[in-house]
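The listed protein sequences derive, respectively, from chains F and G.
One point on numbering: in the UniProt record's numbering, the residue at position 103 of the first sequence is 103, and numbering is uninterrupted.
One point on numbering: in the UniProt record's numbering, the residue at position 173 of the second sequence is 173, and numbering is uninterrupted.
Yeah, the Cβ is synthetic: ideal placement off N, Cα and C, and Gly gets one too.
Fair warning: this is a prediction, and the values are worked out from it, not measured in the lab.
Number of protein chains: 2
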Amino acid sequence: MQALIDKIKSQIQLSPKAEAYLFSIGKVKEYPKGTILIRQGQAVNKTFYVTGGCLRSFCVDKNGKEHTLQFAIENWWISDYIAIHNHELATLTVACITDSKLIEFDAKALNHILTLFPEYEPFQRYILERHLVSLHKRILNQLQLTATERYDLFLKQYPNIEQSTRNYYIASYLGITQESLSRIRAKKA
Amino acid sequence: MQALIDKIKSQIQLSPKAEAYLFSIGKVKEYPKGTILIRQGQAVNKTFYVTGGCLRSFCVDKNGKEHTLQFAIENWWISDYIAIHNHELATLTVACITDSKLIEFDAKALNHILTLFPEYEPFQRYILERHLVSLHKRILNQLQLTATERYDLFLKQYPNIEQSTRNYYIASYLGITQESLSRIRAKKA
DNA sequence: CAAGAAAATTGACCTAGGATAAGAAATGAA
DNA sequence: TTCATTTCTTATCCTAGGTCAATTTTCTTG
């Protein structure tokens, strides 16, 4: 929790009261691999900040195939923002890929900090912008790179995920099948 | 310009001073079809709010192929956010697809409003969140839909763009070639 | 450690969509 | 209007990656 506070303080001035509020609403948790934190179809009322381990958000299509929207490692936030922003039920599932250490926030309480302590806004904006930029890049990569190039880039961006996650999850993030990913790997060796 | 102010006021309380500031930095402009507003490789210092017409942002890959990141129609913002956020030169080009009416903001001046009038933050956050959600959906669509399904969705999302834009731009947004798009269209008729 | 289960690999075949090229239709300038 | 240019369509052939199925390897867990 202190690590997050420090991160925030490196971006903005945080009053003692705001800091105390953050402490009061952030719950440090550890979840084992496989834990499902948000389930497709259910209400979303939590947002997670990752301090250790790795999670992912994904949706399941009509054929039962999974599609990974996001991997979240240390220092990233994860939730179903589509649902939160649109006040809808979850279209995504969020699950721990490995044993994970998180700080769990009630989404409404975290949002309320912006009303109580407007000084927090620039930090939230920073997070949103960073996220936005990473999505822009992802879309451009998806449009212009081959599967092999996307995989190479993935390895650079998430150098430690490969060991701890299944082939299938990576493939479902890259937009290919696990068999194709396996072939791509075989070619590299 | 007043239309934008009204939009903002429908989301947040805006003090007369903040409103005056916005007026002072927003320049109403009209550009003819084909105008390039931001050029790949150059510095980015503007952000555009669209009040009429249609623009797009795209990058050009090593083979000279274009990839459309965004179409912007009425009530949307467009710029190169990757460049702005990372303080880099433009990786994107932003161009008018049709004659367009815009409100042009100096990016720094627009950003400065957040310091001068923190009351503006929630609006900026609203815009960022909306953008984020649309990108999440786009990625999920790209991962799970066929080219034909993506095209159908595109027609729903941008019912008026098809007439005013070239086939190639739409194809480069969907991640297919213009020939494929032409075949998809032929099949529908 | 052994037996099952889960995950990854590999092979044979298939298909959506790409590449190239040529012709048809729009668009636009004179 | 006509000629030229740009855009769109169509046809042929091709390839990256998908599908399905059979192994092999790697995890689990008793």
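For E104(F), the residue or residues it bridges with in DSSP: Taking the first sequence and counting its residues from 1, one reaches residue 104(F) at position 104. K27(F), F48(F).
Which residues mark the beginning and the end of the beta strand (DSSP E) in which A72(G) is found? Here residue 72(G) refers to the residue found at position 72 of the second sequence. Segment 66-72, the beta strand (DSSP E) holding A72(G).
Proximity winner among S180(F), L181(F), L140(F), T148(F), relative to D61(G) (alpha-carbon distances): In the second sequence, counting from the first residue as 1, residue 61(G) sits at position 61. Of S180(F), L181(F), L140(F), T148(F), the residue nearest in Cα terms is L140(F).
Contact between the stretch 171-188 of chain F and the stretch 106-116 of chain G (3+ Cβ pairs under 8 angstroms): no
Report the neighbours of C59(F) on chain G: residues whose CB is nearer than 9 angstroms to its CB, in chain order. Along the first sequence, read from residue 1 onward, the residue named residue 59(F) stands at position 59. Per Cβ cutoff of 9 angstroms: L140, L143, Q144.
CB T47(G) to CB I97(G), shorter than 8 angstroms? The residue you call residue 47(G) lines up with position 47 of the second sequence. The residue you call residue 97(G) lines up with position 97 of the second sequence. Result no, Cβ atoms of T47(G) and I97(G) do not sit closer than 8 angstroms.
Under 8 angstroms by beta carbon: chain G residues contacting H136(F): Position 136 of the first sequence, counted from the first residue, corresponds to residue 136(F). Neighbours of H136(F) on chain G, chain order: L69, Y81, I82, L135.
If you compare alpha carbons, which of N111(F), L114(F), L102(F) is closest to K29(F)? Reading the first sequence from its first residue, position 29 is the one you call residue 29(F). Comparing Cα positions, the closest option is L102(F).
CB contact check: E149(G) to chain F, cutoff 8 angstroms: On the second sequence, residue 149(G) is found 149 positions in, with the first residue counted as 1. For E149(G), the answer is no, since every Cβ of chain F falls outside 8 angstroms of its Cβ.
Tell whether a beta-carbon distance below 8 angstroms holds between residue 192(G) and R39(F). A question about residue 192(G) goes unanswered here, because the residues of chain G that appear run from 1 up to 189.
Output, in chain order, the set of chain F residues within a Cβ distance shorter than 8 angstroms of H85(G). As a working mapping, residue 85(G) is identified with position 85 in the second sequence. Neighbours of H85(G) on chain F, chain order: E129, R130, L132, V133.
Suppose you measure from the CA of residue 210(F) to the CA of L22(F); what does that come to, to the nearest Å? Past the edges of chain F, shown from 1 to 189, lies residue 210(F), and the structure says nothing about it.
Which whole-angstrom value describes the C-beta separation of L92(F) and A43(F), a residue pair presumed to lie in contact below a C-beta threshold of 8 angstroms? For this step, residue 92(F) is matched to residue 92 along the first sequence. For this step, residue 43(F) is matched to residue 43 along the first sequence. Their Cβ separation, rounded to whole angstroms, is 13 angstroms, which puts L92(F) and A43(F) out of contact at 8 angstroms.
Decide if S2(G) is buried, meaning its Cβ has at least 16 other Cβ atoms within 10 Å, or exposed. On the second sequence, residue 2(G) is found 2 positions in, with the first residue counted as 1. It should be noted that the sequence gives Gln, not Ser, for residue 2(G). With fewer than 16 Cβ atoms within 10 Å of its Cβ, Q2(G) is classed as exposed.
Do you know whose CA, among L37(F), E74(F), I25(F), lies nearest N160(F)'s CA? Start at 1 with the first residue of the first sequence, and residue 160(F) comes out as number 160. Ranking the options by Cα distance to N160(F), first place goes to E74(F).
Any C-beta of chain F sitting closer than 8 angstroms to the C-beta of E88(G)? Locating residue 88(G) in the second sequence gives position 88, counting from the first residue. Output row for E88(G): interface = no.
Check: A83(G) C-beta below 7 angstroms from any heavy atom of the ligand GTP: Within the structure as shown, the ligand GTP is missing, as the structure has no ligands at all.
For T98(F), which of helix, strand or coil comes out of DSSP? Translated into the one-based positions of the first sequence, residue 98(F) becomes position 98. T98(F): coil per DSSP, three-state reduction.
Taking C-beta pairs closer than 9 angstroms, name the residues in chain F that P118(G) reaches, listed in chain order. Residue numbering aside, residue 118(G) sits at position 118 when the second sequence is read from its first letter. Here the neighbours are P118, E119, E121, P122.
Classification of E121(F) by the beta-carbon crowding that lies within 10 angstroms, buried from 16 upward: Here the question's residue 121(F) lines up with position 121 in the first sequence. That one is buried.
Just the Cα atoms here: how many angstroms apart are I84(G) and P16(F)? As a working mapping, residue 84(G) is identified with position 84 in the second sequence. As a working mapping, residue 16(F) is identified with position 16 in the first sequence. If you take the alpha carbons of I84(G) and P16(F), they lie about 31 angstroms apart.
Would you grab the beta carbon distance between S100(G) and V50(G) for me? Rounded to a whole angstrom, and I think it's under 8 angstroms. Taking the first residue of the second sequence as 1, we reach residue 100(G) at position 100. Taking the first residue of the second sequence as 1, we reach residue 50(G) at position 50. That pair is a contact at about 7 angstroms.
Would DSSP call I161(G) helix, strand or coil? Here residue 161(G) refers to the residue found at position 161 when the second sequence is read from its first residue. Reduced to three states, the DSSP call for I161(G) is helix.
Measure the alpha-carbon distance for Y168(F) versus T146(F) and round it to whole angstroms. For the purposes of this step, residue 168(F) is taken as the residue at position 168 of the first sequence. For the purposes of this step, residue 146(F) is taken as the residue at position 146 of the first sequence. C-alpha separation (whole angstroms): 18 angstroms.
With respect to the alpha helix (DSSP H) encompassing residue 191(G), which residues constitute its N-terminal and C-terminal limits? Residue 191(G) cannot be examined here, being either before or after the span of chain G that is shown, 1 to 189.
Taking the beta carbon of residue 232(F) as the centre, do at least 16 other beta carbons fall within 10 Å, making it buried, or is it exposed? With chain F running from 1 to 189 in the structure shown, residue 232(F) is simply not present.
Contact defined as beta carbons within less than 8 angstroms: I believe L143(F) pairs with G175(G). What is the distance between those atoms, to the nearest angstrom? Your numbering for residue 143(F) matches position 143 in the first sequence. Your numbering for residue 175(G) matches position 175 in the second sequence. That belief holds up - the Cβ atoms of L143(F) and G175(G) are roughly 5 angstroms apart, short of 8 angstroms.
Using 8 angstroms as the limit for Cβ to Cβ distance, is G41(F) near chain G? Translated into the one-based positions of the first sequence, residue 41(F) becomes position 41. Judged by the 8 angstroms Cβ criterion, G41(F) is not in contact with chain G.
Going by DSSP, what residues sit across from R56(G) in a beta bridge? Residue mapping note: residue 56(G) aligns to position 56 of the second sequence, counting from 1. Looking at the DSSP assignment, R56(G) forms a beta bridge with F71(G), A95(G).
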